[in-house]
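A.B. asks:
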Ligand SMILES: [Zn+2]
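Residue numbers (my numbering): 2 to 360.
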């Protein structure tokens with residue numbers, strides 16, 4: 002009886018410990034919710050990009066460039082932006098601004114917030130529930146004042162903007178608390194200065210086997226703004242991955258590459274494409290077999306088509322591919338269907354990223 006009691010007691014204690022651990026785990030899961038980390042996830046996953054998804058150059062500015070830009074700041078702005086100062090509540094010029102438009106970084110001009118995410122928080126500082134592009138805001142742990150807060154900075158010039166708190170309204174539940182001095186406002190319809198405009202992008206489409214790898218490698222090419230996995234060249238109106246895999250839709254797994262033509266040319270993208278895959282394999286790449294894995298270039302205009310065909314022609318008679326014929330198809334691009342979200346940035350998310358090939 003005594004043994005039984007001891008056993009029951011031990012079981013009860015074990016059960017209680019298990020229950021507590023489960024509670025702690027679920028509490029942790031809830032606390033990891035903050036969606037302001039979404040923009041930071043990219044850098045945690047090892048993706049350091051020169052361009053944001055909305056096509057802005059977000060490469061860090063040099064110290065010299067920042068010093069040059071800072072010459073234009075007033076002492077008050079300098080204190081806030083460069084020395085992490087805070088303007089007095091209710092004093093900022095943009096606190097009660099209800100006009101539609103864009104809020105850009107006071108120092109470098111990078112767009113940071115839109116008027117449609119601004120709300121009245123009652124705190125005395127301009128408040129937003131989300132940035133205009135998650136990658137335009139950089140998050141920094143701040144333990145000044147004896148408490149832990151999350152400081153927000155401009156991704157491009159690292160100017161101090163304010164802090165973010167988890168007591169904001171839906172849909173994010175976040176409150177980006179800003180200094181007016183850190184921002185410059187442009188009303189809707191006003192022409193933005195060059196530093197506040199996205200780069201003028203061009204687009205190219207390539208298919209060369211499983212899109213995960215092709216997308217991952219193009220994403221690393223300097224001058225490429227974004228690479229997106231999808232389907233092209235088939236008949237079905239809204240193809241799904243399963244349909245494309247079944248080989249009945251005629252689509253190829255393709256990648257849409259948007260690029261800054263001032264940094265990388267179409268010719269250079271063709272060079273990379275032929276390094277990224279084996280253009281001599283018919284309807285396959287290694288273990289992936291089927292016409293969805295065919296090698297193809299989908300040109301966005303006749304100029305691209307001409308360039309692609311001339312590029313391939315140059316290999317005729319050369320032994321670049323051990324004298325095997327290039328079977329890459331070239332045609333004008335049709336509709337590009339973006340692949341399901343779980344296929345995007347697949348290697349970056351799952352740790353299978355490959356370095357760009359050398360030579
Ligand atoms: Zn900035």
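For every residue, glycine included, the Cβ atom is placed at its ideal position computed from N, Cα and C.
Computed from a predicted model, the values in this text were never measured in an experiment.
I'd like to confirm something about residue 157: is its beta-carbon nearer than 8 angstroms to some heavy atom of ligand 1, or not?
C.D. replies: Because some heavy atom of ligand 1 lies under 8 angstroms away, the Cβ of residue 157 counts as near it: yes.
A.B. asks: To which residues of the same chain is residue 224 closer than 6 angstroms at the C-beta, ignoring the five residues directly before and after it?
C.D. replies: The residues are 260, 261, 264, 265.
A.B. asks: Can you tell which of 62, 94, 356, 61 has its C-alpha closest to the C-alpha of residue 214?
C.D. replies: The candidate whose alpha carbon is nearest that of residue 214 is 356.
A.B. asks: Can you tell me the Cα-Cα spacing of residue 359 and residue 221, whole angstroms?
C.D. replies: Looking at the two C-alpha atoms, the distance is approximately 13 angstroms.
A.B. asks: Given a threshold of 16 other Cβ atoms within 10 Å of its Cβ, counted over all protein chains shown, does residue 290 qualify as buried or as exposed?
C.D. replies: Per the 10 Å Cβ criterion, exposed.
A.B. asks: Specify the secondary structure class of residue 56 as computed by DSSP and reduced to three states.
C.D. replies: In this structure, residue 56 counts as coil in the three-state DSSP scheme.
A.B. asks: At the level of alpha carbons, what is the spacing between residue 136 and residue 160?
C.D. replies: Looking at the two C-alpha atoms, the distance is approximately 15 angstroms.
A.B. asks: Going by Cα to Cα distance, which pick from 257, 232, 310, 79 is closest to residue 251?
C.D. replies: Among 257, 232, 310, 79, the Cα nearest to that of residue 251 belongs to 232.
A.B. asks: Classify residue 139 as buried or exposed, calling it buried when 16 or more other Cβ atoms lie within 10 Å of its own Cβ.
C.D. replies: Residue 139 is buried by the Cβ-count criterion.
A.B. asks: Does the stretch 119 to 134 come close enough to the stretch 201 to 217 to have 3 or more Cβ pairs within less than 8 angstroms?
C.D. replies: No, the stretch 119 to 134 is not in contact with the stretch 201 to 217.
A.B. asks: Does ligand 1 have even one heavy atom less than 8 angstroms from the beta-carbon of residue 106?
C.D. replies: True, at least one ligand heavy atom lies under 8 angstroms from that Cβ.
A.B. asks: Inspect the CB distances between the stretch 301 to 310 and the stretch 176 to 184 and report whether three or more fall short of 8 angstroms.
C.D. replies: Counting Cβ pairs under 8 angstroms, fewer than three are found: no touch.
A.B. asks: Beta-carbon within less than 8 angstroms of residue 128's beta-carbon, same chain only, minus the 5 sequence neighbours each way: which residues are those?
C.D. replies: The answer, listed in chain order, is 119, 120, 121, 122, 169, 176, 177, 178, 179.
A.B. asks: Hey, how far is the Cα of residue 47 from the Cα of residue 287?
C.D. replies: With a pLDDT of only 44 at residue 47, under the threshold of 50, the placement of this residue in the model should not be trusted; the figure read from the coordinates follows. For residue 47 and residue 287, the distance between alpha carbons rounds to 27 angstroms.
A.B. asks: Using a Cβ-based criterion (distance less than 8 angstroms to any ligand heavy atom), does residue 366 qualify as near ligand 1?
C.D. replies: Nothing in the structure corresponds to residue 366, since the chain is present only between 2 and 360.
A.B. asks: Taking only runs that begin and end inside the stretch 214 to 278, name each unbroken alpha helix (DSSP H) of 4 or more residues, in chain order.
C.D. replies: If we require 4 residues or more, the alpha helix (DSSP H) runs fully inside the stretch 214 to 278 come out as 242 to 246, 267 to 277.
A.B. asks: Taking only three categories from DSSP, how would you classify residue 292?
C.D. replies: DSSP places residue 292 in helix when its eight states are reduced to three.
A.B. asks: Could you have a look at residue 337 and say whether DSSP puts it in helix, strand or coil?
C.D. replies: Note: residue 337 maps to coil in three-state DSSP.
A.B. asks: Buried or exposed: residue 295, going by 16 or more other Cβ atoms within 10 Å of its Cβ?
C.D. replies: Burial call: buried.
A.B. asks: Return the residue from the list 314, 133, 319, 345 that minimises the CA-CA distance to residue 331.
C.D. replies: The shortest Cα separation from residue 331 among 314, 133, 319, 345 belongs to 314.
A.B. asks: I'd like the span of the beta strand (DSSP E) that includes residue 193, first residue to last.
C.D. replies: Where residue 193 is concerned, there is no enclosing beta strand (DSSP E), given that its DSSP letter is neither H nor E.
A.B. asks: Hey, is residue 133 close to ligand 1, as in C-beta under 8 angstroms from one of its heavy atoms?
C.D. replies: No, the beta carbon of residue 133 sits no closer than 8 angstroms to any heavy atom of ligand 1.
A.B. asks: For residue 90, which of 326, 115, 163 has the nearest alpha-carbon?
C.D. replies: Measuring from the Cα of residue 90, the nearest candidate turns out to be 163.
A.B. asks: Could you check the C-alpha separation between residue 58 and residue 99 for me, to the nearest Å?
C.D. replies: Their Cα atoms are separated by approximately 28 angstroms.
A.B. asks: May I ask you to check if the CB of residue 181 is nearer than 8 angstroms to at least one heavy atom of ligand 1?
C.D. replies: It does not: the Cβ of residue 181 is nowhere closer than 8 angstroms to a heavy atom of ligand 1.
A.B. asks: Write down every uninterrupted run of the beta strand (DSSP E) in the stretch 75 to 161 whose length is 3 residues or greater and which is fully enclosed by it, in chain order.
C.D. replies: Segments of the beta strand (DSSP E) lying fully in the stretch 75 to 161: 102 to 106, 112 to 115, 138 to 143, 150 to 155.
A.B. asks: In terms of DSSP beta bridges, what is residue 186 paired with?
C.D. replies: Residue 186 is bridged to 104.
A.B. asks: Alpha carbon to alpha carbon, how far is residue 51 from residue 157? Give it in angstroms, no decimals.
C.D. replies: C-alpha separation (whole angstroms): 10 angstroms.
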